[in-house]
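Peer 1: Here it is, the structure, as C-alpha cells.
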Amino acid sequence: MKRKFLVLGVMLSCLLSLSACGAETQSDASSNSKYPVGFFNQTAIENYAHAVEDNYFENWYLDGVTPENFEDELYVSLAMDIDKDEAQQAYYLKGVDESQYLVYKSGYTSWYKALEELGYGDSKSLADKLSISDVSYSFDKDGKLVVDATIQGTKHSALMKIYLNNEFEPTDIGVTINKTTGEKLENAGLNTLLGMGMAFAILIIISLIISLFPIFFGGKKKKKESDKEITKKAMDNTINQIAEQEDLSGDAELVAVIAAAIAAYEGSASTDGFQVRSIRKVSKNWKR
456 MKRKFLVLGV MLSCLLSLSA CGAETQSDAS SNSKYPVGFF NQTAIENYAH AVEDNYFENW
516 YLDGVTPENF EDELYVSLAM DIDKDEAQQA YYLKGVDESQ YLVYKSGYTS WYKALEELGY
576 GDSKSLADKL SISDVSYSFD KDGKLVVDAT IQGTKHSALM KIYLNNEFEP TDIGVTINKT
636 TGEKLENAGL NTLLGMGMAF AILIIISLII SLFPIFFGGK KKKKESDKEI TKKAMDNTIN
696 QIAEQEDLSG DAELVAVIAA AIAAYEGSAS TDGFQVRSIR KVSKNWKR
C-alpha cells in the first residue's frame with residue numbers, strides 16, 4: 456500500500472512539473488537585468504497602463520478617431536520624428552519610424568471594437584464609466600515584459616495586454632472582452648450552427664450544379680435507338696453485304712425469301728408471292 460501511495464505521489468509531482476513548464480514565467484522586474492527596477496516597477500507600470508487607456512485611446516475616441524481614419528489623423532504624430540528650429544521658426548523631418556504607429560493602431564482597433572461590449576453610456580460619460588484596475592506584470596519565455604490590466608465597463612470587463620521593451624515602448628497591445636461561461640457557450644453554439652449551415656449550403660449548391668450537367672453537356676448525345684430500328688439496320692447491312700460480296704444472279708429465290716422475312720418482321724405483305732409462316736412443333740401424341 457505504501458508503494459502505491461509513493462508511485463501516486465511521484466506521478467502527481469511529474470504532472471505538476473509539466474504544467475509548470477508551460478505556464479508564463481511570473482517574476483519581479485528585479486529578476487531581469489534588461490528592465491531596471493528603478494524604471495520598471497509597479498507604480499510606473501500602472502501609470503503607463505492608465506496613460507495608454509485614458510490619455511491615448513479615450514481621447515482619440517472623443518476626437519473622432521476611428522480605425523478607418525486612424526492613418527489620416529495620427530500618422531504624422533506617431534510615425535514622423537519632427538524637430539523644430541526655434542531660431543528660424545522652421546520644422547525639420549528627422550526620420551520616419553512606423554513601428555510605434557502600427558502598434559498603437561492595432562491596439563486602438565481592438566479597444567475600439569470592444570468598446571460596445573464594454574459599455575460606457577455615451578461619449579460624455581466615457582471617462583467616468585471606463586476605468587483601469589488590477590494592473591500586474593510578468594516576463595514571458597523570451598524575457599519580454601508583459602503588462603496585464605483590467606478595463607472595467609458598465610456591461611463587461613476586458614483584459615488589456617501590453618508588451619513592453621526596455622525602452623518603455625509597446626511592441627504589441629491587445630484588448631479582449633472577458634465573457635461569462637454562458638456567453639462563451641452561446642457563441643460556440645452560434646458558430647457551430649453557422650458552420651453546419653454553411654456546409655449544407657455548399658452541399659446543396661454542389662448537388663444543383665451536378666444536376667445541371669445533363670442540360671449543359673448532354674444536349675449533343677445521340678437519341679437512343681429502339682430495338683426495332685437496330686434489327687432493321689442489321690438486316691439492311693446483311694443484305695448489302697450479301698449484294699456486294701456474292702453473285703446473286705442464281706439466288707433470286709434466296710433474295711426473295713430474305714425480303715419476305717423482312718416484310719413479315721415489319722408487318723407488311725410480301726409482293727413476291729412468298730409468305731413466311733411460323734413453324735409450330737407438332738405434338739407426338741397426334742396419332743392417339
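Read left to right, the sequence shown gives residues 456 to 743 (our numbering).
Note that the Cβ used here is the ideal one computed from N, Cα and C, for glycine as well.
(1) How far does the alpha helix (DSSP H) with VAL507 in it reach, from first residue to last?
(2) Go ahead and label GLY464 buried or exposed: buried means 16 or more other beta carbons lie within 10 angstroms of its beta carbon, across all protein chains shown.
(3) What residues match up with SER586 in a beta bridge as DSSP calls it?
(4) How many Å lie between GLY629 and ALA504 at the Cα?
(5) So LYS568 packs on TYR575, CB below 8 Å; how close in whole Å?
(6) Report the residue from ILE606, ALA714, GLY650 and LYS687 whose alpha carbon sits nearest the alpha carbon of SER565.
(7) Return the first residue and the last residue of the beta strand (DSSP E) that THR631 is part of.
(8) Distance, Cα to Cα, LEU573 vs LYS599?
(9) Could you compute how far the alpha carbon of LEU766 sits from the alpha carbon of ALA506?
(10) Quick one: using the 10 Å Cβ neighbour count with 16 as the cut-off for buried, is ILE685 buried or exposed?
(11) Note the first and the last residue of the continuous beta strand (DSSP E) segment covering LEU649.
(12) Exposed or buried, GLU553, counting other C-beta atoms within 10 Å across all chains shown (16 or more means buried)?
(13) Pick helix, strand or coil for LYS489, following the three-state DSSP scheme.
(14) What residue range does the beta strand (DSSP E) around VAL551 cover?
(15) Identify whether VAL531 lies in helix, strand or coil by the three-state DSSP scheme.
(16) Within the continuous alpha helix (DSSP H) that includes LYS568, where are the two ends?
(17) Do ILE500 and TYR563 have their C-beta atoms closer together than 8 Å?
(18) Nearest by alpha-carbon distance to VAL531: which of TYR516, LEU548, LYS616 and LYS610 is it?
(19) Among THR521, GLY519 and PHE623, whose alpha-carbon lies nearest the alpha-carbon of ASN502?
(20) Kindly identify the DSSP beta-bridge partner or partners of TYR592.
(21) With 16 other CB atoms within 10 Å as the buried threshold, where does LYS579 fall?
Peer 2: Taking the structure as given:
(1) Against the sequence shown, residue 507 aligns to sequence position 52. It is not in any alpha helix (DSSP H) - VAL507 carries neither H nor E in the DSSP assignment.
(2) Along the sequence shown, one-based indexing puts residue 464 at 9. With a pLDDT of 48 at GLY464, under the threshold of 50, the modelled position of that residue is not reliable, and the figure given next carries that caveat. With fewer than 16 other Cβ atoms within 10 Å, it is exposed.
(3) Counting from 1 along the sequence shown, the entry for residue 586 is found at position 131. Partner(s): GLN607.
(4) On the sequence shown, position 174 is the one that residue 629 refers to. On the sequence shown, position 49 is the one that residue 504 refers to. Roughly 12 Å between the two C-alpha positions.
(5) For this step, residue 568 is matched to residue 113 along the sequence shown. For this step, residue 575 is matched to residue 120 along the sequence shown. About 14 Å separates the two Cβ atoms, so there is no contact after all.
(6) Position 110 of the sequence shown, counting from 1, holds the residue named residue 565. If we check each option's Cα against that of SER565, ILE606 comes out closest.
(7) What you label residue 631 is simply residue 176 of the sequence shown in a count that begins at 1. Its beta strand (DSSP E) spans residues 625-633.
(8) For the purposes of this step, residue 573 is taken as residue 118 along the sequence shown, with counting starting at 1. For the purposes of this step, residue 599 is taken as residue 144 along the sequence shown, with counting starting at 1. Rounded to whole angstroms, LEU573 to LYS599 spans 28 Å at the Cα level.
(9) No answer is possible for residue 766: the residues shown for the chain start at 456 and end at 743.
(10) Within the sequence shown, numbered from 1, the residue matching residue 685 stands at position 230. Counting Cβ neighbours within 10 Å, ILE685 comes out exposed, since fewer than 16 surround it.
(11) As a position in the sequence shown, residue 649 is number 194, starting the count at 1. Segment 636-666 is the alpha helix (DSSP H) holding LEU649; no beta strand (DSSP E) there.
(12) The sequence position of residue 553 within the sequence shown is 98, counting from 1. It counts as exposed.
(13) What you label residue 489 is simply residue 34 of the sequence shown in a count that begins at 1. Three-state DSSP puts LYS489 in coil, outside helix and strand.
(14) Along the sequence shown, one-based indexing puts residue 551 at 96. Per DSSP, VAL551 belongs to the beta strand (DSSP E) from 545-551.
(15) The residue you call residue 531 lines up with position 76 of the sequence shown. Helix, per DSSP.
(16) Translated into positions along the sequence shown, residue 568 becomes position 113. It spans 554-573 - the alpha helix (DSSP H) in which LYS568 sits, taken as one unbroken run.
(17) As a position in the sequence shown, residue 500 is number 45, starting the count at 1. As a position in the sequence shown, residue 563 is number 108, starting the count at 1. In this structure, TYR563 does not lie closer than 8 Å to ILE500 by Cβ.
(18) Against the sequence shown, residue 531 aligns to sequence position 76. Nearest in C-alpha terms to VAL531, of all of TYR516, LEU548, LYS616 and LYS610, is LEU548.
(19) Numbered from its first residue, the sequence shown carries residue 502 at position 47. The closest CA to that of ASN502, considering only THR521, GLY519 and PHE623, is found on PHE623.
(20) Position 137 of the sequence shown, counting from 1, holds the residue named residue 592. Paired residues: VAL602.
(21) Numbered from 1 along the sequence shown, position 124 holds the residue referred to as residue 579. Classification of LYS579: exposed, given that the 10 Å Cβ count is below 16.
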